[in-house]
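Reviewing the structure listed below.
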Amino acid sequence: MALWALLVLVAWGGPADLAAQPGRPVMAQGTRDLTFGVVFAGVPKTISRLDPVNSGTYRIRGRRNAEVAFTFTLPAALQSGAGQILAIEFGADDAAFSADPDPASAVGFDPQAPFAARLDGNGRGYIWLGGTVRPTSGQSPGQYQGTIVLTVAYTGN
Amino acid sequence: MRRPSILRRIGLPLIVGAGLLFAALADAIVVAPHHVFLDPQTRSGVLYLHNAGPAPEEASIEFVFGYPVSDSVGDVSVCLMQHPDSTEPSMAGWLRAFPRRTLVGPGETRTVRLLLQPPADLPEGEYWTRAVVTSRAARVAEATPDTGGVRVGLTLEVRTVIPVTYRKGRVTTGAVLTKIDHALRGDSLSVRVGMRRLGNAAFLGTLHVTLEDASGAVVARAEREIAIYHELLRRLTLPVADLPAGTYTLRVRLDTERSDLDPELVLEAQPVETTEAVQLP
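Here the protein sequences line up with chains A and B, keeping their order. Take the first sequence: its position 13, counting from 1, is numbered 0 in our numbering, and each next residue is one higher. Add 4 to a position in the second sequence, counting from 1, and you land on the number used in our numbering.
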């Protein structure tokens, strides 16, 4: 049995048959907000995926050297409680993946298309995400909300 | 809402506070195992949901038919089909999760039981679906201070896709190599391998690609775990920048070795292997 599976059993105190599959599960975790800060009505604002403070980041954990398929489900607009709309866009280079935590070494990809990448020898990977909000000149005040979904799956099963 | 009107009156731009919230350290549900094989006798299985994060997580489970597919260049994605062709061995409609939704506290593990209720006259064979586990941070509504601006928040959700397999009666698998081509791309040799499954069950195995010199020594290698549900095209790259010019042997091997799966659950098949000559400049 893989050492990782043993550690999981100890850490989780999980049932013994959890060990039936020796492979390490894949896990994605959002680790930093994608933050636009203050924007002005009528003035689009872009956050680069390379932005060291405001880009969104995910940490991926899984099997060593395993290939993982990623698919984002992205909103085209955000909605306020009053039904107002705020446009948001994601460009073809707004996401990036790297097995290294340094975004400078990351490979860009289009978050609107499926993407697959290999985790490193320790089963680690990182994703960065930027985007653009486009408030209109008459953008109404309010609290705008939406959902970003990241779907992860091993490609070898 | 006096402040916006004041801002407009004095000519300042409307302030839109746009903080897209990726809840820090949220959405940390671990789903195990990474491939569920239903017990053929009880037609049941188990998923474990573990919350590795510091906040409660809501998790829901649904079943969608799907499997890995490849595009023309050999990149792979997991295709989910809400309405698969009737010829596909989908069991998505017969599988139930108990519970379908659950709240997992920090550090807690929840057990989800899977129960298959197939038609009585189900033919022998292997049946597939994907368990899609959606997790999101359990949030408490907060009163929004009246700042007069606009606050923007995006809820982050993570969906973890796990294959679920059920085998009834006699099942067999195998694979054939349908295409091999290679091309130099910069300092790498790009190798594309086309594969087609045989039998009535998915081929879960490993694709090995090696480059051997004239003495038979392996000078470059790559391998990839693969799952062939129907057909698959994979692209692997071998580093060749440091290799002297000459003729090499490209060896492609497909077998059912898998270190991540219980050997008792991996259907064995005869390895498939072929070689061809490669000229490096």
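A virtual CB, placed ideally from N, CA and C, is assigned to each residue, including glycine.
Reduced DSSP category for residue 97/B - H, G, I as helix; E, B as strand; rest coil: helix
Between the region 97 to 113 of chain B and the region 53 to 72 of chain B, do at least 3 Cβ pairs fall closer than 8 angstroms? yes
For residue 253/B, which residues of its own chain have a beta-carbon under 6 angstroms away from its beta-carbon, when the five flanking residues on both sides are left out? 216 and 279
Would residue 193/B pass as an interface residue toward chain A - the criterion being a Cβ-Cβ separation below 9 angstroms? no
Closer than 7 angstroms by beta-carbon distance: list the chain A residues that pair up with residue 64/B, in chain order. Correct list: empty, because the minimum Cβ distance to chain A is about 12 angstroms.
The beta strand (DSSP E) with residue 185/B in it runs from where to where? 177 to 189
Same chain only: Cβ atoms within 7 angstroms of residue 285/B, ignoring 5 sequence neighbours per side: 249
Go through its chain and collect everything with a Cβ distance to residue 191/B's Cβ below 6 angstroms, but skip five positions before and after it. 245
Using three-state DSSP, classify residue 72/B as helix, strand or coil. DSSP, reduced to helix, strand and coil, places residue 72/B within a strand of the structure shown.
Buried or exposed: where does residue 87/B fall if 16 or more other Cβ atoms within 10 Å of its Cβ makes it buried? exposed
Closer than 9 angstroms to chain B by CB, residue 72/A: So no, residue 72/A is outside the interface.
Between the region 77 to 110 of chain B and chain A, which residues of the former have CB atoms less than 9 angstroms from a CB of the latter, in chain order? 79, 80, 81, 82, 83 and 84
Under the three-state DSSP convention, the category residue 167/B falls into: strand
If contact means a Cβ-Cβ distance below 8 angstroms, which residues of the region 211 to 235 of chain B contact chain A? So the close ones are 228, 229, 230 and 231.
Please give the ranges of any beta strand (DSSP E) in the region 28 to 78 of chain A, keeping only runs that are unbroken, at least 3 residues long and fully inside the region. 32 to 34, 43 to 48, 54 to 60, 64 to 67 and 72 to 76
CB contact check: residue 99/A to chain B, cutoff 9 angstroms: no
DSSP three-state label for residue 42/B, please. coil
Is any beta-carbon of chain A found at less than 9 angstroms from that of residue 26/B? Reliability fails at residue 26/B, whose pLDDT of 36 lies under 50, so the model's placement of it is uncertain and the value that follows must be treated cautiously. Closer than 9 angstroms to some Cβ of chain A, the Cβ of residue 26/B qualifies, so yes.
Contact defined as beta carbons within less than 8 angstroms: I believe residue 210/B pairs with residue 222/B. What is the distance between those atoms, to the nearest angstrom? About 16 angstroms; that fails the 8 angstroms criterion.
Less than 9 angstroms between the C-beta atoms of residue 170/B and residue 44/B, yes or no? yes
Can you list, in chain order, the residues of its chain whose CB lies under 7 angstroms from that of residue 28/B, leaving out five sequence neighbours each side? Bear in mind that the predicted position of residue 28/B carries a pLDDT of just 39, short of 50, making it unreliable; the figure below should be weighed with that in mind. So no residue of the chain qualifies.
Give me the Cα-Cα distance between residue 25/B and residue 269/B, rounded to the nearest whole angstrom. Bear in mind that a pLDDT of 38 at residue 25/B, under 50, signals an unreliable position, so the number given afterwards is only what the model happens to contain. Taking the straight line joining both Cα atoms gives about 42 angstroms.
What do you get for residue 144/A, buried or exposed, if any count of 16 or more other CB atoms within 10 angstroms of its CB means buried? buried
Looking at C-alpha atoms only, which residue of 227/B, 243/B, 135/B and 281/B is the closest neighbour of residue 260/B? 227/B
C-alpha gap between residue 104/B and residue 265/B, whole angstroms: 26 angstroms
Comparing C-alpha positions only, which one of 117/A, 58/A and 125/A sits nearest to residue 27/A? 125/A
Using a C-beta to C-beta distance shorter than 7 angstroms, which residues of chain B count as neighbours of residue 138/A? 163 and 165
Residue 136/A and residue 59/A - do their beta-carbons sit closer together than 9 angstroms? yes
Nonlocal neighbours in the same chain, by C-beta distance under 7 angstroms from residue 16/A, ignoring five residues either side: 45 and 46
On the premise that residue 35/B lies in contact with residue 137/B, defined as a C-beta separation below 8 angstroms, what is that separation, rounded to the nearest angstrom? 5 angstroms
What is the rounded straight-line gap between the Cα of residue 66/A and the Cα of residue 32/A? Using only the alpha carbons, I get a separation of about 17 angstroms.
Mind listing the chain A neighbours of residue 205/B? Cutoff is C-beta to C-beta under 9 angstroms, in chain order. None at all; the shortest Cβ gap to chain A is about 13 angstroms.
Are three or more beta carbon pairs between the region 110 to 118 of chain A and the region 80 to 97 of chain A nearer than 8 angstroms? Yes: at least three Cβ pairs fall under 8 angstroms.
Taking C-beta pairs closer than 7 angstroms, name the residues in chain B that residue 142/A reaches, listed in chain order. 72, 80 and 82
For residue 225/B and residue 283/B, what's the separation of their Cα atoms in angstroms? 16 angstroms
May I ask you to list, following chain order, the residues of the region 79 to 110 of chain A that have a beta carbon less than 7 angstroms from some beta carbon of chain B? Listed in sequence order: 101 and 103.
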